[in-house]
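Below is one structure; the comments refer to it alone.
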Amino acid sequence: MGQVRLYAAVAAGGFRRYATYRGATFAGVFTNTVFGLIIACTYIALWDERPHLGGYDQAQALTFVWVGQAMFSVMMLGVPSGFEAELAERIRSGDIGVDLYRPCDLQAWWLAQDLGRAVFQLLGRGVVPMAVGALVFRLALPTEPWRWLAFLFSVLLGLLVSFGLRYLVALSAFWLLDASGVAQMYGITATFFCGMLLPLNVFPGAFGDVARALPWSALLQVPADVLMGTAGGRGVLGSYLFQAAWAAAILGVGRLLQTVATRRVVVQGG
Amino acid sequence: MSDTVVDEAVPGAASAAAFIEVDGVEKVFDVRRKAGFLRRTRHEVRAVDSLSFTVARGEMVGYIGPNGAGKSTTIKMLTGILTPSAGRLRVAGIDPSRQRARLAHRMGVVFGQRTTLWWDLPLIDSYRLMRRMYRIPDGRYAENLARCVELLELGDLLEVPVRQLSLGQRMRGDIAAALLHDPEVLYLDEPTIGLDVVSKVKVRAFLRDLNKERGTTVLLTTHDLTDIEQLCRRVMVIDHGRLVYDGELDGLHDLGGGERTLVVDLERELPPLDVEFARVVRVEGARQWLAFPAGQSAAPLVARIAERYPLADLSVREPDIESVIARMYARDASVAP
Amino acid sequence: MADPIGQVRAGARAFRMISGMWIRSTLTYRASFAMTTVGNFALTGLEFVGILLMFSQVDRLGGYSLPEIAFLYGTAGAAFGLADLFAGSLGRLGTRVRDGTLDAFLVRPAPVLAQVAADRFALRRLGRVVQGLAVLGWSLLALDVAWTPVKVLLVPVLLISGGAIFSAVFMAGAAFQIVAQDAAEVQNAATFGGNAMLQYPPTVFGDNLLRGVTFVLPLAFVNWLPALYILDRPYPLDLPRSLAFAPPLVAAACLAAAGLAWRAALRAYRSTGS
C-alpha cells in the first residue's frame, strides 16, 4: 500500500514537472498542429489517387494523421526527450549507485514518472491537435464512449511498450557512457515503424507484415485501429494481447539488463 | 564594432583616476507572475537602483550582499552582458554593452558556478582556443600560461579532460583561462564557492599576487568573508539594489548594532512598553517596534510582553544586511587566532 | 556595425574555431558519434523511403511524378540541411538562455551570433545535406526536362538562397528564444515543418496555406517557385513566373530582418540567475 502511494507520488511529480513548461506545451501543440495540417494535405492527395489505400477511406486516413500528432509526444514517436537523457546522465556520472540503495525499484520508479509525464502530455498536447483536426477535416471518430475508453486502454498498453523500449535506450549508457547516439537511432526506427511517416497497413507485402509485427506498431498503429474499429480480424482483445505481450517481453528484457548492469556497478564499488 | 579597432581611450584621462565608473545606474526587470491559470500580472523589479561608484586602476574590491541584492546584475552590466536601464557606465572609457567585443580584450570574467572550459576536452585545448580567439601573441601566451600553471599548480592537469577535474581544480583552470590575454580588469563571481580549504588558499594567494605584481584591477563577489578579509582593503555592500556601504573593511564593524526588531500589535494604543533587554524604537497607533539584541531568543521577550500587555499580533524582523555582515565579521575575527 | 565585412570575417573565424572544438568534443565519444552520424543519414533517408512507399501504391501525387517530387524533396532537403548545418544551433539557443550559459558567449571578443551558430556544432548534420543532394542528383537523371543555361544556373542559386531563407528563420527563432526560452518548437514548425511541406508539390496544399508561405513567411521562395519554373509547371495563385528569380532578394531581405530582430533581442537579454 505504501509502495502504491510512493509511485503515485512519483507519477504526480512527473505530471507536474511537465506542466510547469507552459510555453513549451503551447509551442509543441502549435508544431503538432502545423505538421498535422501538412501531412493531412499529402494524405488527401494520396487517397484521392487511391481511395481505400491500405483499407482506410480518406476520413480514416486523416484520423490516423491526427491520432499520430496527438500521440507524438505522449508515446515519444520521434527522438525521445523524456527521462532517458536524465537516467543516462545518472548512469554516466555514477549517481546511479546512489539510486540503487533507495528502497524502491529503479524501473518502477522511472515508469511511474514517465506515466505521469504521458498523462500530462495526453491532456496538454494530445487534445488540442486532435480537436483542430476534427474541426478542419472530416474525421472518422467514433461516437460510442466505449470505443474511446478502449482506445485509452490501448494507449496505456502502448505506453508500457514505449517506456520499456526507451528504458533500454537509457540503460545502454552503462556500456556506451553516452546514450544520445542510441536515442537518435531509436527515434529513427520508432518514427518509421510506428506509422508516423505512413500508416503501417499501407506498407506493401512481406515488409508490411514485418513492420506490423514489430513492437513500434503498438505505439500508434494499434491504438489508432482500436479507436476507429479497423483492427480487422484481431479485434480489440487481440490488439490488447499483442500490446501486452510486447510490453511484458520488453519490460522483462529491461529488468534483466538492469540486473546485469547494476551487478557491474556494485562490483566496481558504485 | 570590429575587434581590431585601435583603442582610442586616452590613458590617464579616464582610466587612471577612475578605471570603472558607475554613475546613477539602474536595471529594471519586467517580471510576470502567475495569477491564475492563464493570467499573469506584470510588475517592475529594480534589481539595481541608482548605483554609483568608481574603482581606480589596480584596486581590489570586494562586492558583497545577500542573494538577489543585485551583485550579479552589477557584474553583468560591467561586463556588457546586460544593458543598464538608466545611468552611465564606463570601463576603461568603454561603454560595455555597446562595445562588448572591444572590452572583451581588456577584461577577464570568472563565473564561479559555471565553467567556460570545454567539458570533454583536455584543459590545454581550452587555453589554445583562448589564444586564438583573443589573438594572444605566442611569446605572451607561453609566458602567461607558464605563470598560471606554476602558481595555480595546473601542471599535471593540462592533459586531463575538464569533466574529470575536481571543483577546485576546475576553478583554478577557469581563472587561468580568464587571464591568458592579460586583462586589465578581472571580475570574479563567487570564485571560492564550494571549494575545499586547500584550493581556497591557492586561489586567494594567486589573486593577491596578480593584483600586487601585475596591477590587475579585481572586483569580486563572494559569500565567504574570509575572501574579503584576506584580499580586499575596500568593500562595497549592496542590498535591495542599493549601495549601502562603500569603504574600508574595518568600517563595517561600526555599522549596525546587530539588533533584531520585534513588531507588536496591541489591542489598544499604549505608551511605549517597558520591557527588559528591549527598547521601543517606534510607536504608531497600537503598533510598536522594539529592538533587541540579535543573539537573543525572541521567545522570553514575547512571553514577558504577553504577560503584561494586551497582545493582538506580532512579528520578528531580521536585522539589516550591514549589521549581519558586521556581526559575522566580528564573530569570525574573535574566533581567529 | 561600421565595418560589416570585418564583422563577417570575424564571425566566420569564430565559427571555424568553435565548431572545430565541438567536432573534437563529439569525437571523444566515438560509438555515439558513429551512431548519430549513421543515424542522421538513415533518418533523412527513411523520409524518402516513405515517399517511395507512397509511390509503390500510386503513380502520381498531386499530379506530380516521382522524379518531380524527388526534385522538390532533394532541393528542399539540401537547402534545409545547409541551414541546419550552419545555423541550426541558433534554433536551440533556448536552453542556453534558460540555464544562463549564454553569458559566457557575451564576454568573448567574437560576434555572438557566430558563437551561437557554432555552439554544439555537429558534423552529423551533414547527413541531411548529402542525402538531399543524392536524391536531387537522382532526380536530375530521371527528369525529362528541357534544360537551358538559365535553368541549370538556377539550381545552385536555389540551394544557396533557400539555405539562407531557412537560416533567417533559425535566426529569428533565436531572437525569439532570448525573450521566450521555451519557444524552440514554434520555430521548428517553420523549419522542420517547412521542409516537410516543401518536399511535396504546392498542388497538394490549400490556397490559404500557399498564400501564407508566399506572402507572410516566404518559404515558397526556398524551392517551389524556382523549381516549378525548372519543371515547367504552372504556378499557384497565378503568381508571375519571373518570381523564379526572386529567391536571392527574398533571402537577403529575410536575413536583414532577422538580423535586426537578433540585435534588438540581445539588447533585451535579461540573463537568468542571481
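Protein chains in written order, with my numbering: chain A, 13 to 282; chain B, 20 to 356; chain C, 8 to 281. We put the CB at the ideal spot given by N, CA and C, even for glycine. Owing to the predicted nature of the structure, the values given are computational and were not obtained by experimental measurement.
_I'd like to know if B/Ala195 contacts chain C, where contact means its C-beta is closer than 8 Å to some C-beta of that chain._
no
*Please confirm if B/Phe38 has its CB atom under 8 Å from at least one CB of chain C.*
no
*Exposed or buried, which one is C/Cys261 when buried takes at least 16 other CB atoms within 10 Å?*
buried
*Please name the residue in A/Glu61, A/Ala162 and A/Ile262 whose C-alpha comes closest to that of A/Leu183.*
A/Ile262
*Can you tell me whether DSSP reads B/Pro141 as helix, strand or coil?*
strand
*Specify the secondary structure class of B/Val50 as computed by DSSP and reduced to three states.*
strand
_My output table needs one value for B/Glu203: the three-state DSSP class, helix, strand or coil._
coil
*For C/Thr82 and chain A, any beta-carbon pair shorter than 8 Å?*
no
*Per DSSP, cross-strand counterpart(s) of B/His62*: B/Val50
_Beta-carbon proximity check, C/Val136 vs C/Ala85, cutoff 8 Å_ = yes
*Euclidean distance between Cα positions of C/Ile7 and C/Val119*: An answer regarding residue 7 of chain C cannot be provided, because it is not within the stretch 8 to 281 covered by chain C.
*asked:* Need the endpoints of the alpha helix (DSSP H) that A/Phe165 sits in, please.
replied: Pro157 to Leu183
_Could you check whether B/Ala196 and B/Ser145 sit closer than 8 Å to each other, using their CB atoms as the reference points?_
yes
*asked:* Using a Cβ distance threshold of 8 Å, determine whether the segment 182 to 196 of chain B contacts the segment 162 to 172 of chain B, with at least three qualifying pairs required.
replied: yes
*Cβ contact (3+ pairs, closer than 8 Å) linking the segment 60 to 69 of chain A and the segment 208 to 216 of chain A*: yes
*asked:* Beta-carbon within less than 8 Å of A/Gln196's beta-carbon, same chain only, minus the 5 sequence neighbours each way: which residues are those?
replied: Val91
*With B/Thr236 and B/Val216 assumed to form a contact (beta carbons below 8 Å), what rounded beta-carbon distance in angstroms separates them?*
Going by Cβ atoms, the distance from B/Thr236 to B/Val216 rounds to 27 Å, so no, they are not a contact pair.
_Can you tell me whether B/Ile257 is helix, strand or coil according to DSSP?_
strand
*Which two residues bound the contiguous alpha helix (DSSP H) that contains A/Arg102?*
Glu96 to Ser105
*Should A/Tyr113 go down as buried or exposed, given a rule of 16 or more other Cβ atoms within 10 Å for buried?*
exposed
_Continuous alpha helix (DSSP H) assignments of at least 4 residues falling wholly in the segment 69 to 96 of chain C_ = 73 to 94
*Could you pull out every residue in the same chain whose Cβ sits closer than 7 Å to the Cβ of A/Ala71, ignoring the five residues on either side in sequence?*
Arg150, Leu151 and Ala152
*Since B/Ala105 sits in a beta bridge, which residues does DSSP pair it with?*
B/Glu45
*Use the C-beta contact count for B/Arg208: other C-beta atoms within 10 angstroms, 16 or more gives buried, fewer gives exposed.*
One detail in the question is off: residue 208 of chain B reads as Asp in this sequence, not Arg. Counting Cβ neighbours within 10 Å, B/Asp208 comes out buried, since at least 16 surround it.
*asked:* Do C/Ala265 and C/Met178 count as a contact pair if the criterion is CB distance below 8 Å?
replied: yes
*My guess is that C/Leu250 and C/Leu232 are in contact by the Cβ rule of under 8 Å, so how many angstroms apart are they, rounded?*
5 Å
*Coil, strand or helix - A/Ile262 by DSSP*: helix
*Who are the near neighbours of C/Leu59 in its chain, counting only those whose CB is closer than 6 Å to its CB and skipping five residues on each side?*
none
*Taking the alpha carbon of B/Val294 as the point to measure from, which residue in B/Gln315, B/Ala318, B/Arg306 and B/Ile324 has its own alpha carbon closest?*
B/Ile324
*Assuming C/Phe78 and C/Ala234 form a contact by the criterion Cβ under 8 Å, report the distance between their Cβ atoms to the nearest whole angstrom.*
6 Å
*Keeping to the same chain, check which residues put their C-beta closer than 7 Å to that of A/Glu96; ignore five residues upstream and five downstream.*
Arg178, Val181, Ala182, Ala191 and Ala195
*asked:* Quick check: B/Ser69 and B/Glu40, are their CB atoms within less than 8 Å of each other?
replied: no
*Could you list the residues in the segment 170 to 192 of chain C with a C-beta less than 9 Å from some C-beta on chain A, going in chain order?*
Ala187, Gln188, Asp189, Ala190, Ala191 and Glu192
*Give the straight-line distance between the Cα atoms of B/Asp258 and C/Arg105, rounded to the nearest whole angstrom.*
25 Å
*asked:* Whole angstroms are fine: how far does the CA of A/Val77 sit from the CA of A/Ile51?
replied: 7 Å
*Counting contacts by CB-CB distance shorter than 8 Å, is C/Asp6 in contact with chain B?*
Any question about residue 6 of chain C goes unanswered here, given that chain C covers just 8 to 281.
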